[in-house]
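FYI, the numbering for the sequence shown is 1 to 140, going by the UniProt record's numbering.
All C-beta atoms, glycine included, are put in the ideal place defined by N, C-alpha and C.
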Amino acid sequence: MSMLFDPFREFDRMAGSLLDRRESPRLMPMDLYRDGDHFVLSADLPGIDPGSVDLDVDGQLLTIRAERTPRSKEGVQWLTRERPSGSFLRQLTLGNDIDTEAISAHYENGVLSIMIPVLEKAKPRKISIATAPDRAEVSA
């Protein structure tokens, strides 16, 4: 088996062990974009049990929580352990023009997808322009 030595990964590993990151919530990588009249949030949560994912909206605060339980093997000597376990947390402040009652989500292949609709009043719309009525020419 060949291994590639990455000094930055080793430095990150050592810094992580010094800071003991296991106790703090992990961030989850995500993408967020607008597609027409809704926003789409995709968060990477590979290896997470879907039953441990919790999605809350409190006012304008969207909170995503998830838990990955460690796969501990007793009596083994770990050579590399890069897959973090523990709590994952992400919070986003939603704008006032979001329909928080209609937010939906699904989890598939390790990706949590959240559909965040925009309120009807905030959607782009055409505004008609009124013209003045034709004036009859006044003859003197």
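With three or more beta-carbon pairs closer than 8 Å as the criterion, would you say the region 96-116 touches the region 69-83? No: the two stretches stay apart, fewer than three of their Cβ pairs being nearer than 8 Å.
Leaving out five residues on either side along the sequence, give the residues of the same chain with a beta carbon under 6 Å from the beta carbon of residue 70. Walking along the sequence shown from the start, residue 70 turns up at place 70. Only 85 meet the Cβ criterion.
Would residue 65 and residue 41 qualify as a contact pair, given that the criterion is a beta-carbon distance under 8 Å? The residue labelled residue 65 in the question sits at position 65 within the sequence shown. The residue labelled residue 41 in the question sits at position 41 within the sequence shown. The answer is no: Cβ separation not under 8 Å.
Locate the beta strand (DSSP E) running through residue 133, then write down its first and last residues. Your numbering for residue 133 matches position 133 in the sequence shown. No beta strand (DSSP E) contains residue 133, which DSSP labels as neither H nor E.
How would you label residue 116, buried or exposed, when you count the other beta carbons within 10 angstroms and need 16 or more for buried? Position 116 of the sequence shown, counting from 1, holds the residue named residue 116. In summary, residue 116 is buried, with 16 or more beta-carbon neighbours lying within 10 Å of its beta-carbon over all protein chains present.
CA-to-CA distance, residue 61 to residue 68, given in whole angstroms: Your numbering for residue 68 matches position 68 in the sequence shown. Your numbering for residue 61 matches position 61 in the sequence shown. Distance between residue 68 and residue 61, taken at the CA atoms: about 23 Å.
Tell me the DSSP secondary structure of residue 124 in three-state form. Position 124 of the sequence shown, counted from the start, is the residue given in the question as residue 124. DSSP places residue 124 in coil when its eight states are reduced to three.
So, helix, strand or coil for residue 144, using DSSP? Since the first and last residues shown for the chain are 1 and 140, residue 144 lies out of range.
Taking 6 Å as the limit between beta carbons, can you name the residues of its chain near residue 100, skipping five residues before and five after? On the sequence shown, position 100 is the one that residue 100 refers to. Here the set comprises 57.
Give me, in chain order, the residues of the same chain whose beta-carbon lies closer than 7 Å to that of residue 52; leave out the 5 immediate sequence neighbours on both sides. Position 52 of the sequence shown, counting from 1, holds the residue named residue 52. The answer, listed in chain order, is 66, 67.
Given residue 45 as reference, the closest of 59, 39, 29, 55 once Cα atoms are compared: Mapped onto the sequence shown, residue 45 falls at position 45. The residue with the shortest Cα to Cα distance from residue 45 is 29.
Check whether the Cβ atoms of residue 110 and residue 47 sit closer than 8 Å, and answer yes or no. Locating residue 110 in the sequence shown gives position 110, counting from the first residue. Locating residue 47 in the sequence shown gives position 47, counting from the first residue. If you check the CB distance, residue 110 and residue 47 come in under 8 Å.
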